[in-house]
Structures are given as C-alpha cells and as structure tokens.
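Peer 1: Protein sequence lines correspond, in order, to chains A and B.
For the first sequence, this note's numbering gives the first residue as 11, with consecutive numbering after it.
For the second sequence, this note's numbering gives the first residue as 11, with consecutive numbering after it.
Note that beta-carbon positions come from the ideal geometry of N, C-alpha and C, so glycine has one too.
2 protein chains.
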Amino acid sequence: MAEAGAVPGYSFGAQATARSPLDLEELDLLKQTVLFTEEDEEYLRLAGDVLEDQVDEVLDLWYGFVGSHPHLIRYFASPDGEPNARYLERVRERFKRWILDTCRRPYDQQWLDYQQEIALRHTRVKKNQTDWADETPEHIPLRYVIAFVYPITATIKQFLAKGDHAADVVEKMHDAWFKSVTLQVALWSQPYTKEGNF
Amino acid sequence: MAEAGAVPGYSFGAQATARSPLDLEELDLLKQTVLFTEEDEEYLRLAGDVLEDQVDEVLDLWYGFVGSHPHLIRYFASPDGEPNARYLERVRERFKRWILDTCRRPYDQQWLDYQQEIALRHTRVKKNQTDWADETPEHIPLRYVIAFVYPITATIKQFLAKGDHAADVVEKMHDAWFKSVTLQVALWSQPYTKEGNF
Chain A
11 MAEAGAVPGY SFGAQATARS PLDLEELDLL KQTVLFTEED EEYLRLAGDV LEDQVDEVLD
71 LWYGFVGSHP HLIRYFASPD GEPNARYLER VRERFKRWIL DTCRRPYDQQ WLDYQQEIAL
131 RHTRVKKNQT DWADETPEHI PLRYVIAFVY PITATIKQFL AKGDHAADVV EKMHDAWFKS
191 VTLQVALWSQ PYTKEGNF
Chain B
11 MAEAGAVPGY SFGAQATARS PLDLEELDLL KQTVLFTEED EEYLRLAGDV LEDQVDEVLD
71 LWYGFVGSHP HLIRYFASPD GEPNARYLER VRERFKRWIL DTCRRPYDQQ WLDYQQEIAL
131 RHTRVKKNQT DWADETPEHI PLRYVIAFVY PITATIKQFL AKGDHAADVV EKMHDAWFKS
191 VTLQVALWSQ PYTKEGNF
C-alpha cells in the first residue's frame with residue numbers, strides 16, 4: 011500500500027495516531043458479538059477486489075445522499091450553509107481508502123488504533139483539525155454516526171453485485187461488510203461516551 | 011393492546027416512563043438518515059403478522075446466542091457467574107413485546123419516549139431496577155449494544171421467510187427491520203454519551 015501517502019490526512023500506522031482503549035482480546039469479543047469469523051475476512055478480501063475499481067462510484071452515491079440532506083451536509087458546511095469543497099474532497103479520498111482498508115487490512119492492533127483515530131475525527135477532539143475545516147460544526151452527533159450503519163451497508167450491495175460472482179457469494183460479501191461496518195461504528199462510539207460507559 | 015399489563019416491567023405510555031430528549035422533527039431527520047419511509051412502516055406491519063406466532067422461537071435463538079457467550083451472559087449473571095433466571099425471564103417477555111412494538115406501534119412521541127426508557131434500562135441509571143436484579147452488572151457497555159444491530163437483524167430473516175411471502179417481500183420486510191433496529195440503537199445510545207455528544 012505504498013500509495014498511502016497520497017491520501018490527504020490518512021495516517022494509518024503513524025506514530026502520532028491515536029491508540030485504542032481496547033486490546034485485541036476485547037476486539038475479539040466484539041467480533042464474536044457481530045459473528046465475525048475468518049470466513050468473513052475472506053469474503054471481505056473478495057469484496058475488496060470487486061470494489062477496487064468502483065470506489066469513486068460508491069463515493070458519488072454516498073456524497074449524493076449526504077448532499078441531498080441538509081441535516082447531513084451541514085457537518086461539512088460553514089455557518090452560512092456553504093459546503094466546504096476542500097474538506098469534502100479530502101474526506102472523500104480517505105473514505106475511498108477506508109472502503110479498501112475495511113476489506114483488506116488485517117484487524118490487528120494497528121488497525122484497531124486507527125479506528126480510534128477515525129472515531130476522534132468525528133468528535134470535538136479531532137474533527138476539522140486534519141483538514142483545517144474550522145468553520146464547520148465541531149462534531150457529528152453520535153446518533154447520526156450510528157444511523158449510518160444502514161445506508162453504508164445497504165448501498166454497497168449493488169456494487170458488490172457487479173463483480174460477476176454468484177448471488178450467494180454477493181450475499182456473503184455483503185453480510186461480511188455489514189458485520190464490519192457495525193463493528194467499526196461500535197468502536198467509533200468510544201470518544202462520545204461518558205467514562206466507563208463504552 | 012390490552013394485554014400490556016401482563017408483561018413484567020413493561021410500562022409503555024405510562025406517566026412514570028422516561029421522556030426522550032428528541033422531538034418528532036428530530037426523529038424524522040434520523041428516519042431520513044436510515045432511509046425509513048411509509049413503505050417500511052407497511053412492511054413492518056406485515057412482518058408483525060409473520061412474527062407474531064414465532065416470538066418464542068426468536069427469543070430462543072437470541073437467548074441461545076447470548077447464553078453461549080460468557081462475555082454476553084455475564085450482564086444477566088451475578089458475580090459468581092450464575093445467570094439470574096428471573097431477570098432473564100422478565101426481560102424475555104419484554105423483548106417479545108419489543109419485537110411486536112417495533113413492527114406495529116406508530117413511531118410517535120409516546121414510542122420515542124419509550125425508546126428513552128429502554129435506553130436507560132441498558133445503563134447505570136435503570137438497568138436492574140425494573141427487575142430487582144441488583145447483583146448483575148450495572149450496565150451493558152455501549153459497544154455491545156451497537157454490535158447487537160448485526161445479530162438482531164441477521165437472525166430475524168429466517169423467521170420472516172416462514173410467512174409464505176415471496177422472496178422480494180421477505181427482503182423488504184427484512185430491510186425495514188434493519189432500518190428500525192439501527193434507528194432504535196441510535197436512540198438508545200443517548201444516555202451513554204457525554205453532554206452534547208448525542
């Protein structure tokens with residue numbers, strides 16, 4: 011993944027990235043809760059191959075969804091309602107990378123730590139900082155982050171279906187994706203919670 | 011729903027129930043985020059008819075899942091690891107009712123308020139109180155509540171499929187269920203969050 015440096019603000023594995031409050035044993039318990047197995051890892055890798063050349067189309071759809079809902083686009087906009095194009099573009103590149111990381115990265119401690127970094131970038135602690143977008147709202151409310159499990163899961167299926175795989179394989183890729191998105195959103199809730207509530 | 015009184019600790023619509031911090035306009039924005047429409051309401055009502063006579067089997071499956079994972083059953087167990095049978099049984103009756111409420115209740119302010127009551131019953135504020143289960147852990151960590159979106163969604167499909175409806179109708183009932191579960195878990199996160207983070 012030598013091209014990592016080309017994605018603005020993408021700091022996977024960097025020394026300065028956040029550290030997860032969870033260890034791999036605790037991650038394993040969370041994986042068990044979403045029934046995530048090695049088979050899901052295999053189907054996610056397959057999904058990565060199917061999605062690799064479609065990430066721009068996926069982002070077009072997701073950004074279209076956000077852009078058509080004033081209560082969502084406002085988190086990328088200045089107080090006068092004007093969306094911040096540079097901020098949107100930088101996040102878009104990282105979002106594309108996130109799709110492939112979700113499919114291809116091993117879910118090890120480094121990955122777990124980067125989930126915490128992503129988590130913080132939704133909150134008052136780090137949102138806007140990476141992209142100098144100080145005029146946009148200082149966080150995305152947790153309820154919307156959780157709600158996104160649905161659109162991010164439901165909309166990916168049509169792209170998974172374009173890979174010439176049998177319907178049952180598409181179903182399994184989609185199921186693995188659903189598990190992973192749920193797992194990650196669970197991890198991203200941490201910095202929003204009161205001490206001891208996560 | 012005259013039989014409501016028969017469900018232990020079920021206090022839907024009661025004066026003493028919690029009040030949601032959200033109003034119906036804010037609920038509507040959350041519905042839009044999970045793409046929840048009137049069509050989903052219709053498919054949920056249909057799902058209610060399909061699930062009505064299967065709620066015991068659904069709960070058998072869900073309780074089997076929780077019971078076979080020590081990191082989950084512990085939230086129903088005393089410090090020595092012994093599951094509290096009375097607590098489990100009382101929650102089970104409410105869980106059955108929750109399935110039907112999810113399918114059949116209008117998502118109005120009364121429903122929204124009861125989501126807050128359910129939310130609090132996962133947390134230090136009200137867990138155990140309703141069922142006098144003081145020896146069990148005082149809350150369920152938020153990450154597990156969010157993670158449950160997956161098993162609660164994935165496992166319902168086999169039951170929806172038993173209703174003699176065409177595959178595309180089963181798919182639409184399942185999709186509506188997925189949206190609703192995601193919406194409700196988003197609502198349930200509120201009491202776990204720091205002030206202003208929800």
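1. Can the beta-carbon of B/GLN120 be found less than 8 Å from the beta-carbon of B/LEU197?
2. Run the CB neighbour count on A/VAL60, radius 10 Å, all protein chains shown included, and call it buried at 16 or more, exposed below.
3. Does B/ASP165 come out as helix, strand or coil in the three-state DSSP assignment?
4. Name, please, each residue of chain A whose Cβ falls closer than 7 Å to the Cβ of B/PHE208.
5. Buried or exposed: which applies to B/GLY90, given that a residue is buried once 16 or more other Cβ atoms fall within 10 Å of its Cβ?
6. If I'm right that A/THR192 touches B/TYR160 with Cβ under 8 Å, what's the distance once you round it to whole angstroms?
7. In the DSSP assignment, the alpha helix (DSSP H) including A/TYR53 goes from what residue to what residue?
8. Looking only at DSSP bridge pairs, what is A/PRO93 linked to?
9. Examine the Cβ distances between the stretch 171-190 of chain B and the stretch 54-68 of chain B and report whether three or more of them are shorter than 8 Å.
10. Relative to the alpha-carbon of A/THR203, which residue among A/VAL135, A/TYR53 and A/ALA171 has its alpha-carbon at the smallest distance?
11. Is there at least one Cβ from chain C nearer than 8 Å to A/HIS132's Cβ?
12. Return the CA-CA distance between A/TYR8 and B/LEU152, expressed in angstroms with no decimal places.
13. Any C-beta of chain A within less than 7 Å: which residues of the stretch 14-29 of chain B qualify?
14. For B/GLN42, which residues in chain A fall below 8 Å Cβ to Cβ?
15. Where does the unbroken alpha helix (DSSP H) through A/VAL180 begin, and where does it stop?
16. Can you tell me whether B/PHE22 is buried or exposed, with buried defined as 16 or more other CB within 10 angstroms of its CB?
17. Please report how far the alpha carbon of A/GLN42 lies from the alpha carbon of B/HIS79, in whole angstroms.
18. In chain order, what residues of the same chain lie with their CB nearer than 7 Å to the CB of B/ARG114, ignoring the 5 residues before and after it?
19. Enumerate in chain order the residues of its own chain whose CB-to-CB distance from B/ALA109 is below 7 Å, with the five nearest sequence positions on each side excluded.
20. Which term fits B/GLN194, buried or exposed, when burial requires 16 or more other beta carbons within 10 angstroms of its beta carbon?
21. Nearest to A/GLN25 by alpha carbon, out of A/ILE83, A/ILE162 and A/ASP123?
22. So, at 7 Å on beta carbons, what are the nonlocal neighbours of A/ARG100 in its own chain, with the 5 sequence-adjacent residues on each side left out?
23. Could one say the Cβ of A/PHE169 lies closer than 8 Å to chain B's Cβ atoms, at least one of them?
24. Is it true that the CB of B/THR163 sits closer than 8 Å to the CB of B/PHE188?
25. Can you name the residues of chain A whose CB is closer than 8 Å to the CB of B/LEU45?
26. Please report the residue range of the alpha helix (DSSP H) in which A/THR43 lies.
27. Closest to B/TYR73 by CA distance: which of B/ARG102, B/ASP50, B/HIS81 and B/ASP63 is it?
28. Can you say whether B/GLN139 is buried or exposed, counting buried as having 16 or more other CB atoms within 10 angstroms of its CB?
29. Could you check what DSSP says for A/THR203 in three-state terms: helix, strand or coil?
30. Would you mind telling me which residues of chain A sit closer than 8 Å to B/ALA87, beta carbon to beta carbon, in chain order?
31. Could you tell me the alpha carbon to alpha carbon distance between B/LYS106 and B/ASP63, rounded to whole angstroms?
32. Note down, in chain order, every chain B residue with its Cβ under 8 Å from the Cβ of A/LYS204.
33. Considering A/PHE75, what are the terminal residues of the alpha helix (DSSP H) in which it resides?
34. Please list the terminal residues of the continuous alpha helix (DSSP H) segment that includes B/TRP142.
35. Taking only three categories from DSSP, how would you classify A/MET11?
36. Hey, is B/ILE156's beta-carbon within less than 8 Å of any beta-carbon in chain A?
Peer 2: In this structure, then:
1. In this structure, B/GLN120 lies away from B/LEU197, with their beta-carbon atoms at least 8 Å apart.
2. With 16 or more Cβ atoms within 10 Å of its Cβ, A/VAL60 is classed as buried.
3. It is Thr, not Asp, that sits at residue 165 of chain B in the sequence shown. Three-state DSSP puts B/THR165 in coil, outside helix and strand.
4. Neighbours of B/PHE208 in chain A, taken as residues at a C-beta separation under 7 Å, are given in chain order as PRO151, LEU152 and ARG153.
5. Residue identity differs from the one stated: residue 90 of chain B is Asp in this sequence, not Gly. Using a 10 angstroms sphere on the CB of B/ASP90, the tally of other CB atoms stays under 16, which defines it as exposed.
6. Contact between A/THR192 and B/TYR160 holds, since their C-beta atoms are separated by about 5 Å, short of 8 Å.
7. A/TYR53: member of the alpha helix (DSSP H) spanning 48-61, first to last residue.
8. As computed with DSSP, A/PRO93 is found in a beta bridge with A/ALA87.
9. Counting C-beta pairs closer than 8 Å gives three or more between the stretch 171-190 of chain B and the stretch 54-68 of chain B, which meets the contact rule.
10. When only C-alpha atoms are compared, the closest one is A/VAL135.
11. Protein chains in the displayed structure are A and B, and chain C is not among them.
12. No information on residue 8 of chain A is available, as it lies outside the stretch 11 to 208 that chain A covers here.
13. Hits within the stretch: zero.
14. One finds HIS79 and HIS81 in chain A with Cβ atoms closer than 8 Å to the Cβ of B/GLN42, taken in chain order.
15. Taken as a continuous stretch (DSSP letters only), the alpha helix (DSSP H) holding A/VAL180 covers 177-198.
16. Buried, because 16 or more other Cβ atoms sit within 10 Å of the Cβ of B/PHE22.
17. Taking the CA atoms as reference points, A/GLN42 sits about 8 Å from B/HIS79.
18. For B/ARG114, where only same-chain residues beyond five positions count, the Cβ hits under 7 Å are ARG55 and GLY58.
19. First, the residue type needs correcting, since residue 109 of chain B is Ile and not Ala in the sequence shown. The beta carbon of B/ILE109 is closer than 7 Å to those of LEU61, VAL65 and VAL68 in its chain, skipping five residues each way along the sequence.
20. Of the residues assessed, B/GLN194 falls on the buried side of the cut-off, its CB having 16 or more other CB atoms within 10 angstroms.
21. Ranked by Cα distance from A/GLN25, the first of A/ILE83, A/ILE162 and A/ASP123 is A/ASP123.
22. Exclusion of the five residues before and after A/ARG100 leaves PRO18, GLY19 and ASP141 as the residues of its chain whose Cβ lies within less than 7 Å of its Cβ.
23. For A/PHE169, the answer is no, since every Cβ of chain B falls outside 8 Å of its Cβ.
24. Cβ distance < 8 Å, so B/PHE188 and B/THR163 count as in contact.
25. Those within 8 Å of B/LEU45 in chain A are TYR160, PRO161 and ALA164.
26. Segment 34-43, the alpha helix (DSSP H) holding A/THR43.
27. For the set B/ARG102, B/ASP50, B/HIS81 and B/ASP63, the Cα lying nearest the Cα of B/TYR73 is the one of B/ARG102.
28. Exposed, by the Cβ-count rule.
29. Note: A/THR203 maps to strand in three-state DSSP.
30. Going along chain A, no residue has its Cβ under 8 Å from B/ALA87, so there is no contact; the nearest lies around 15 Å.
31. Between B/LYS106 and B/ASP63, the C-alpha separation is close to 10 Å.
32. TYR202, THR203 and LYS204, listed in chain order.
33. Counting along the chain, the unbroken alpha helix (DSSP H) around A/PHE75 starts and ends at 65-77.
34. Run containing B/TRP142: none; DSSP gives neither H nor E here.
35. Here the model assigns A/MET11 a pLDDT of 42, short of 50, so the residue's position is not dependable and the matter cannot be decided.
36. At a cut-off of 8 Å between C-beta atoms, B/ILE156 counts as an interface residue with respect to chain A.
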